[in-house]
Amino acid sequence: MTPLAHMERAARVKVMIFDVDGVLTDGSLTYGPDGEVTKTFYVLDGLGIQLLNKTGVQTAIISARTSPIVIKRAADLGITHVFQGQHDKRLAFADLLAKTGVTAEECGYIGDDVIDLPLFTRVGFAVTVPSGHPEVQYRAHYVTKNPGGRGAVREVCDMVMRARGTYEQALAPYFG
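Using my numbering, the first residue of the sequence shown is number 1, and each one after it goes up by one.
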């Protein structure tokens with residue numbers, strides 16, 4: 001896909017949806033001695049999500065796994081739509097569309113594995129990470145330069161803001 005084509009798709013995004021494992025994190029799951037799972041999130045990705053929210057783009061998480069850590073991270077970042085335990089992500093996506101009143105074409109989604117393919121065929125802007133499964137990369141409108149859990153989300157947030165013409169507005173408070 002040409003750079004212009006993916007920027008045109010990014011410009012239409014009104015809701016940006018994130019997978020968790022492999023996208024908001026590097027995909028590693030660390031188990032503690034009592035079986036608890038920890039995840040590591042990247043701070044630059046978090047600020048990107050907050051800036052995106054401030055420019056009027058809604059944000060959401062749709063994840064197959066369930067973790068209280070994800071609820072905490074979403075709350076910290078202002079992500080209001082969180083769907084966990086979604087092995088058929090189409091159901092959560094339909095619920096999200098109903099709640100937000102946007103069309104599928106006005107949504108962006110970043111995922112990394114075949115469980116994400118049903119949303120890739122529905123959203124207007126489908127994104128994956130460099131380590132994404134080959135079937136997912138083949139169907140993506142854009143593959144990030146940065147890896148999942150290490151800047152891929154920020155790259156996409158910045159891209160959406162640039163495409164929508166809100167990037168400078170989002171950064172303006174930091175130049176004063």
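We treat Cβ as the ideally placed atom computed from N, Cα and C, and that holds for glycine.
Would the beta-carbon of residue i fall within 7 Å of that of residue j?
{"i": "D19", "j": "G111", "result": "yes"}
{"i": "A74", "j": "F83", "result": "no"}
{"i": "A104", "j": "A126", "result": "no"}
{"i": "D45", "j": "V153", "result": "yes"}
{"i": "I62", "j": "Q86", "result": "yes"}
Can you grab the Cα-Cα spacing for the pair residue i / residue j, in whole Å?
{"i": "D113", "j": "R162", "result": "27 Å"}
{"i": "D158", "j": "T128", "result": "15 Å"}
{"i": "D88", "j": "R122", "result": "13 Å"}
{"i": "S28", "j": "G148", "result": "10 Å"}
{"i": "G165", "j": "K39", "result": "33 Å"}
{"i": "K145", "j": "A98", "result": "32 Å"}
{"i": "A60", "j": "D95", "result": "11 Å"}
{"i": "Q169", "j": "I49", "result": "15 Å"}
{"i": "S131", "j": "Y138", "result": "12 Å"}
{"i": "H133", "j": "G176", "result": "42 Å"}
{"i": "T55", "j": "P173", "result": "13 Å"}
Ordered along the chain, which non-local residues of its own chain (more than five positions away) have a Cβ less than 6 Å from that of residue i?
{"i": "T80", "result": "none"}
{"i": "V102", "result": "K14 and V15"}
{"i": "G22", "result": "D112 and G148"}
Checking the sheet assignment: what are the DSSP bridge partners for residue i?
{"i": "M16", "result": "T59 and G108"}
{"i": "V82", "result": "I61"}
{"i": "Y142", "result": "V127"}
{"i": "V37", "result": "Y31"}
What residue does the alpha helix (DSSP H) around residue i start on, and which one ends it?
{"i": "A163", "result": "A152 to R164"}
{"i": "A126", "result": "Counting along the chain, A126 falls outside any alpha helix (DSSP H), though it belongs to the beta strand (DSSP E) covering F125 to T128."}
{"i": "F93", "result": "K89 to T100"}
{"i": "V136", "result": "P134 to R139"}
{"i": "F120", "result": "L117 to F120"}
{"i": "P147", "result": "Neither: P147 is in no alpha helix (DSSP H) and is coded neither H nor E."}
{"i": "V43", "result": "V43 to K54"}
Spatial neighbours of residue i within its chain, please: C-beta separation below 7 Å, excluding the five flanking residues on both sides.
{"i": "V160", "result": "A10, V13, M16, L52, V57 and G108"}
{"i": "E155", "result": "T144, K145 and N146"}
Once the 5 residues before and after residue i are set aside, which same chain residues still bring their CB inside 8 Å of it?
{"i": "V37", "result": "L29, T30, Y31, S67 and I69"}
{"i": "I115", "result": "A64, H87 and K89"}
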